[in-house]
Structure formats: structure tokens, C-alpha cells
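Just below is one structure, and these are the notes that go with it.
Residue numbers (my numbering): 550 to 793.
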């Protein structure tokens, strides 16, 4: 009687493993993830726009840096800027268990509350634009909704880098091919750069946002369900294949 082929020697096992892992993660609690992310985003915007329109203290204008003066207005990068609202749903969508999803929500919630707290005690705005952006498609609506306030730290960048780090963690854990990991970081870079290119933030806002995002993302990978056991835990995809 022939013994079964070891998983690591089976043809196509590696490809099947990472795709099975990712697909399992996407399917688990899909409706909860979709609804929860939408509700969470709306709650954040309620607080964000309230502080934007009702600052509690005098608003400080952020200074320009040489980088801000060097970069021209690039309206064609509005797409990457707006793509954040698709990007932010990926990381929670890849959480495997309900407990992991809840803890992820606590960390990203803490990040957003901290950002709103900064806006409350230290309201800021970017300098007035030297150009009229209203003639470009989408910018009239953007400037009407997301005005120049709540500038520093850039929550756009803070949430994006938090998301990028957590996606990278899942892709590494599931042994996803390097190309997907490069795509993840390229998407983050496009979002971060677009905040400068469409003149919604200045360089100091972006730097502060990146630091704020990392201040929550890095410890979030240590304090979470099963963090200490992950290296010794059996691979999810391997479990799926063995069951079949």
C-alpha cells in the first residue's frame, strides 16, 4: 500500500496552499466584515467632519517644506487618493477568526480616535492652494467634502500604512508570492504620494501620519489572538488540503 505523498512534495501544493488560505480568510465572516467596515468608516467620518467644521481651538496653518514646493499639482492622481476607501477594507477582510477581526477593529479604532483627539486639541489646515482646482473633474466635490482642515497628522496616510503593514503580515504568513506583496506596498505608496500630489496634505502631515499609523500597526501584531503561537501553528492551507 502506497503512502500518501508528503504535502511539501505534492505538485502544485505551494500554489494551492496560499490561494486556499486567502480564499478561506475572505469567506470567513464576509458579511460581518463588509457591514462592519462600512459602519466603522461612517462613524469615523461623523467625528472627522464635526471637528473639521467646528474646531475647538484656533486653527494652525501647516508650513510648506521644499518638497511641497517642488511637487506640482497632479490632478490625475485623484484616483489613487480615493482608492484608500477600497484599500482599507482588505486587511479586515483577511482576518481569519472573529476574535482576530474584533482585535483588529480595536487597534484601528484606537488609531482613529487618537487622530481625532489630535484634531480636537490641535486643529490644523494646509495653506491655501495657489491654483484653482475646481476646473478638474472630482476636485470641486473633494474640496467641498474634505476641506483643508484636519491636516496633521494625515489620517489618509496613517490608515493606509496601518493597512499596508497588516496586509503584509497576512501575505507573509500565508506564503503569498512576492509579487502580491510588492503590489500591496506599491498601492500604499501611491496613496501616500497622492496626498501630496493632489495638494490635500503637506509633507509634514504625511510624515506625522506615517508615524501615527506605525505606532499602532507594529504593536498590533504583537498583542492579538495567538500571536505567540503563530510560528508553531500548522499552516491553514495545509490543514485544508489534508482534510481532503
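Here a beta-carbon is modelled for each residue, glycine too, at the ideal position from N, C-alpha and C.
Span of the alpha helix (DSSP H), counted from its first residue to its last, around residue i
i: residue 681; result: It is not in any alpha helix (DSSP H) - residue 681 carries neither H nor E in the DSSP assignment.
i: residue 622; result: Premise fails: residue 622 is in no alpha helix (DSSP H) and is neither H nor E.
i: residue 710; result: 704–722
i: residue 637; result: Premise fails: residue 637 is in no alpha helix (DSSP H) and is neither H nor E.
i: residue 761; result: 752–769
i: residue 701; result: Note, residue 701: premise wrong, no alpha helix (DSSP H); not H, not E.
i: residue 582; result: 579–602
i: residue 660; result: 647–670
i: residue 743; result: 727–746
8 Å Cβ cutoff met for residue i and residue j
i: residue 670; j: residue 606; result: yes
i: residue 755; j: residue 624; result: no
i: residue 711; j: residue 762; result: yes
i: residue 622; j: residue 680; result: yes
i: residue 646; j: residue 774; result: yes
i: residue 600; j: residue 691; result: no
i: residue 633; j: residue 716; result: no
i: residue 751; j: residue 672; result: no
i: residue 720; j: residue 734; result: no
Distance between beta carbons of residue j and residue i, contact taken as under 8 Å
i: residue 708; j: residue 637; result: 6 Å
i: residue 700; j: residue 611; result: 5 Å
i: residue 703; j: residue 640; result: Between residue 640 and residue 703 the Cβ distance is about 18 Å, and since that is not below 8 Å, they are no contact.
i: residue 567; j: residue 723; result: 5 Å
Among the options, the one whose alpha carbon lies nearest that of residue i
i: residue 772; options: 649, 678, 733 and 725; result: 649
i: residue 626; options: 652, 765 and 736; result: 736
i: residue 615; options: 760, 766, 770 and 745; result: 745
i: residue 590; options: 672, 660 and 752; result: 660
i: residue 685; options: 628, 642 and 595; result: 628
i: residue 651; options: 759, 620 and 578; result: 578
i: residue 766; options: 727, 573, 656 and 725; result: 656
i: residue 697; options: 705, 759 and 677; result: 677
8 Å Cβ cutoff, residue i in contact with chain E
i: residue 622; result: Annotation note: the requested chain E is absent from the structure, which comprises a single protein chain.
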